[in-house]
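Okay, structure first, notes after.
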Amino acid sequence: MNQMRDELLDLARRASAKAYAPYSGFHVGAALQFADGSQLAAGNVENASYGLTLCAETVAAGSAMQGGLGSPLVAVAIHGGRPGADGIAIAAGAPVTPCGRCRQMLEEMASQGGTDPLVWCAGESEILELRLSELLPYAFRKDNLDG
Ligand code: THU
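The sequence shown begins at 289 in the numbering used here and counts up by one.
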């Protein structure tokens, strides 16, 4: 598990270099781990119309769901901070946790595969490990629309 955590966090760290964040200057990378071993990572995408900004987790979730989501989501890693010369974020002081919208985006993907993924959030000197259900209790799901 620690190996998976370290690998996924490293993937998220490297994905932070893909961020397009000229407005906040805050680069975030999010990496997704699926049960079949596949992984996908993305960076945040900002916009001159600030409110249209897409967080890294949302870009990753959207990309994964474009592919039809063949496998359950087992873990998510997030790494963010100000970029170094190579564009890779130097981890911010406090662990970067997903915003409310991203929690809901991840929940949609997780519920498709019936999992409660681990979410690893990198900080300068600590890694926060939480279940998605701890970050988003009483989630609104597809089931809510059916009944
Ligand atoms: N951001 C993410 O991409 N993920 C998070 O978990 C927190 C915030 C982005 C949004 C915006 O581009 C920048 O970080 C500053 O909020």
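For glycine and all other residues, C-beta sits at the position ideal for the given N, C-alpha and C.
Quick caveat: nothing in here was measured; it's all calculated off a predicted structure.
Distance between residue j and residue i (C-alpha atoms, nearest Å)
i, j, result
"arginine 302", "glycine 317", "7 angstroms"
"leucine 296", "glutamate 334", "23 angstroms"
"serine 421", "aspartate 404", "6 angstroms"
"leucine 423", "alanine 373", "33 angstroms"
"isoleucine 378", "glycine 369", "5 angstroms"
"aspartate 431", "alanine 307", "34 angstroms"
"asparagine 290", "leucine 406", "12 angstroms"
"leucine 418", "tryptophan 408", "7 angstroms"
"threonine 341", "asparagine 332", "8 angstroms"
"glycine 313", "glycine 435", "44 angstroms"
Beta-carbon gap between residue i and residue j smaller than 8 angstroms
i, j, result
"glycine 381", "glutamate 412", "yes"
"serine 326", "serine 351", "no"
"alanine 330", "alanine 309", "no"
"alanine 300", "alanine 319", "yes"
"methionine 292", "threonine 346", "no"
"proline 383", "leucine 416", "yes"
"glutamine 321", "leucine 357", "no"
"histidine 315", "proline 371", "yes"
Status (buried if at least 16 other CB within 10 Å, exposed otherwise) for residue i
i, result
"leucine 433", "exposed"
"glutamate 395", "buried"
"glutamine 354", "exposed"
"alanine 398", "buried"
"alanine 410", "buried"
"alanine 336", "exposed"
Where the beta strand (DSSP E) through residue i begins and ends
i, result
"leucine 418", "415-419"
"alanine 300", "Segment 290-303 is the alpha helix (DSSP H) holding alanine 300; no beta strand (DSSP E) there."
"leucine 424", "That residue, leucine 424, is in no beta strand (DSSP E); it is neither H nor E in DSSP."
"phenylalanine 322", "315-322"
heavy atom of ligand 3 below 7 angstroms from residue i C-beta
i, result
"threonine 403", "No copy of ligand 3 appears in this structure; the ligands present are ligand 1."
Residue i, enclosing alpha helix (DSSP H) - first and last residue
i, result
"lysine 306", "No alpha helix (DSSP H) holds lysine 306; DSSP gives it neither H nor E."
Residue i at chain D interface by Cβ criterion, 8 angstroms
i, result
"phenylalanine 428", "Protein chain content of the structure displayed is limited to a single chain, and chain D is not contained in it."
**OP:** Tell me the start and end of each unbroken beta strand (DSSP E) in the stretch 328-408 that is at least 3 residues and wholly inside, in chain order.
**Re:** 361-371, 377-379
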